[in-house]
Amino acid sequence: MNYLIDTANLEDIRHCNEFYPISGVTTNPTLIAKEKTDFIALIKEIRNIIGPEKTLHIQTVQEKAEKMVEEAVFIKNTVGGAFCIKIPICEEGLKATMMLKEKGIKVTMTAIFTPAQALMAAKAGASYVAPYVNRLDNIIEDGVSVVGEIVKQFAIYGLDCQVLAASFKSCEQIHKCALSGCHNATIDAHLFKGLITHPMNDAAIAGFAKDWKAVYGDKSILDF
Ligand code: E4P
Numbered sequence: 001m002n003y004l005i006d007t008a009n010l011e012d013i014r015h016c017n018e019f020y021p022i023s024g025v026t027t028n029p030t031l032i033a034k035e036k037t038d039f040i041a042l043i044k045e046i047r048n049i050i051g052p053e054k055t056l057h058i059q060t061v062q063e064k065a066e067k068m069v070e071e072a073v074f075i076k077n078t079v080g081g082a083f084c085i086k087i088p089i090c091e092e093g094l095k096a097t098m099m100l101k102e103k104g105i106k107v108t109m110t111a112i113f114t115p116a117q118a119l120m121a122a123k124a125g126a127s128y129v130a131p132y133v134n135r136l137d138n139i140i141e142d143g144v145s146v147v148g149e150i151v152k153q154f155a156i157y158g159l160d161c162q163v164l165a166a167s168f169k170s171c172e173q174i175h176k177c178a179l180s181g182c183h184n185a186t187i188d189a190h191l192f193k194g195l196i197t198h199p200m201n202d203a204a205i206a207g208f209a210k211d212w213k214a215v216y217g218d219k220s221i222l223d224f
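Residue numbers (our numbering): 1 to 224.
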């Protein structure tokens with residue numbers, strides 16, 4: 001499963017890009033608006049941080065297919081590199097997805113809550129679908145099961161579309177998605193740390209340092 005960071009916060013993107021094996025960044029209008037800064041400068045700086053090969057997913061704010069396509073072309077030309085336009089699932093969004101497929105611009109169909117929506121998005125030509133795990137859990141549905149069903153559907157029909165699970169609030173949700181064969185997960189910066197933290201780690205690392213020092217003092221391997 002690939003990890004992406006779900007934020008438009010430059011400090012968090014810089015940190016996660018340096019310390020974690022991320023394959024891209026996802027944003028949405030809420031995350032962009034949270035930064036209260038110039039949109040173009042912000043997306044250009046995100047690209048600058050992650051480089052051209054990691055995928056940048058930026059969402060359209062248009063409601064009509066033709067305008068969504070126009071916006072997708074504009075953003076792609078602005079940020080360059082690996083890019084996906086995020087489009088929420090709806091009739092206009094599906095139409096835009098089919099038009100963008102013709103133009104060779106990749107689509108991440110977002111705000112997915114059911115396997116039926118995901119299948120329709122994949123048939124329209126989306127490269128990724130983004131089911132919202134925690135928002136489903138919050139209405140007493142099972143977000144991880146929805147992700148698992150979408151993965152299964154895509155495998156049954158051999159569809160060239162990946163699941164990019166989103167809206168996570170816990171490491172357990174992420175872990176269970178990984179077990180379900182989910183292809184990608186986009187997560188908050190603080191959850192990256194949670195995924196590598198274990199109460200026994202500090203003691204294990206301290207033990208190695210203590211045993212080494214007892215024999216070699218402050219000498220490091222490079223001092224030999
Ligand atoms: C990402 O693509 C989604 O827009 C995002 O993960 C939604 O997360 P939220 O439910 O925390 O807003």
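Here a beta-carbon is modelled for each residue, glycine too, at the ideal position from N, C-alpha and C.
Burial state of residue 164 (16 or more Cβ within 10 Å): Flag for residue 164 reads buried.
Beta bridge counterpart(s) of residue 83 as assigned by DSSP: 56
Between the CA atoms of residue 217 and residue 168 - distance to the nearest angstrom: 45 Å
Counted within 10 angstroms of its Cβ, other Cβ atoms place residue 127 as buried (16 or more) or exposed: buried
Exposed unless 16 or more other CB atoms sit within 10 angstroms - verdict on residue 108: buried
C-beta contact flag for residue 185 and residue 1 at 7 Å: yes
Outcome for residue 139 when other beta-carbon atoms lying within 10 angstroms are tallied against a minimum of 16: exposed
Neighbour-count burial assignment, residue 141, 16 or more Cβ in a 10 Å radius: The C-beta of residue 141 has fewer than 16 other C-beta atoms within 10 Å across all chains shown, which makes the residue exposed.
Top-ranked residue by Cα proximity to residue 99, from 150, 64, 117 and 77: 64
Chain-ordered residues, beta carbon under 6 Å from a heavy atom of the ligand E4P: Those residues, listed in chain order, are 6, 26, 28, 110, 130, 132, 134, 135, 166, 167 and 186.
Reduced DSSP secondary structure (H/G/I, E/B, other) of residue 78: helix
Sub-7 Å separation of residue 74 and residue 56 beta-carbons: no
Proximity of residue 159 and residue 146 at Cβ, strictly below 7 Å: no
Residues near residue 144 by beta carbon distance below 7 Å, same chain, minus five either side: 133, 173, 176, 177 and 180
Under 7 Å between C-beta atoms of residue 37 and residue 6: no
Reduced DSSP category for residue 8 - H, G, I as helix; E, B as strand; rest coil: coil
Completely contained beta strand (DSSP E) runs for the segment 88 to 169, where each covers 3 or more residues: Entirely contained in the segment 88 to 169, the beta strand (DSSP E) runs reaching 3 residues are, in chain order, 106 to 112, 128 to 131 and 162 to 165.
Stretch pair the segment 149 to 158 + the segment 13 to 20: three plus CB contacts closer than 8 Å: no
Distance between residue 190 and residue 21 (C-alpha atoms, nearest Å): 15 Å
Nonlocal neighbours in the same chain, by C-beta distance under 6 Å from residue 106, ignoring five residues either side: 84 and 127
Alpha-carbon spacing of residue 213 relative to residue 86, whole angstroms: Rounded to the nearest angstrom, the two C-alpha atoms are 53 Å apart.
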